[in-house]
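Residue numbers for the sequence shown follow the working numbering, beginning at 1 and rising by one. To start, the structure under review is shown below, and the notes come after it.
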Amino acid sequence: MATKSFSFNTEPHVATVNGHDLLFEAEVMGDEFMDAFTQLKEAQAAASGIDLDDLSTLDPSKLRGAARGLRQFVARLMLPESAREFLALEVTKDGAVLSNHQDWDEAQQAANQTAGARVRYVMQLPDRVLVALMEWVTELYGGGANARPTGRSGGSAKASPRGGKSGQARSRSKA
């Protein structure tokens, strides 16, 4: 009788961003990950048509929408408290916080009521960090590097042949 044991993570994953810990689900089931990934793809599709070679046609709202979609994707895989913190918004004017929100549309509506007010995430992140978080969670939950076997595999592909032919010429040093 053959026996096989399976186990899965029960401790949350932790991403430390500027000394601040963000807690992620220990395990994410396939449907949860795919739903979050689908939401990300929809946000990217909405931002399609951005031509970085011609910035005069750049629609900032499309670019912001893609960044928000990326942030939503990462947050869907976090524990609730970290997600709330990660998605927290504030409406500001001249450096003063006017109100706090969790929903972008609600925050934008509040900002529209005050001339010169703007919406921003409380947890400001450079795009490179946001992209790195997305890549990390995709690897964690999407079957990235952790899904590959760690040992030698008889089924591995053979090495590619070296390009060109072996030379027949004599070495100058032996001449």
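Virtual Cβ for every residue (Gly too), placed ideally from N, Cα, C. If you're wondering where the values come from, they're calculated on a predicted model, not measured in any experiment.
- Within the same chain, V91, A117, R118 and V119 come within 7 Å of A111 by CB-CB distance, once the 5 residues on both sides are set aside.
- Between N9 and E32, the CB-CB gap reaches or exceeds 7 Å.
- With a 10 Å radius around the Cβ and a threshold of 16 neighbouring Cβ atoms, H20 comes out exposed.
- Between L77 and E25, the C-beta gap is smaller than 7 Å, which places the two residues in contact.
- The Cβ atoms of L89 and A75 lie no closer than 7 Å to each other.
- V97 and A83 have their C-alpha atoms roughly 21 Å apart.
- Comparing alpha carbon positions, the residue from F6, Q113 and V17 closest to V129 is V17.
- Where S82 is concerned, the enclosing alpha helix (DSSP H) starts and stops at P80 to L87.
- Between the C-alpha atoms of Q39 and Q113 there is a straight-line separation of about 29 Å.
- For G69, the number of other beta carbons within 10 angstroms of its own is at least 16, and it is reported as buried.
- In this structure, F73 sits away from A15, with a CB-CB distance that is not shorter than 7 Å.
- According to the DSSP assignment, T16 belongs to the beta strand (DSSP E) that extends over H13 to V17.
- Here L23 carries a strand assignment [DSSP, helix/strand/coil].
- In the DSSP assignment, L98 falls outside any alpha helix (DSSP H) and within the unbroken beta strand (DSSP E) covering A96 to H101.
- Cβ neighbours of A67 within its own chain (closer than 8 Å, five residues either side excluded): D127 and L130.
- If you draw a straight line from the Cα of L140 to the Cα of M123, it comes to about 23 Å.
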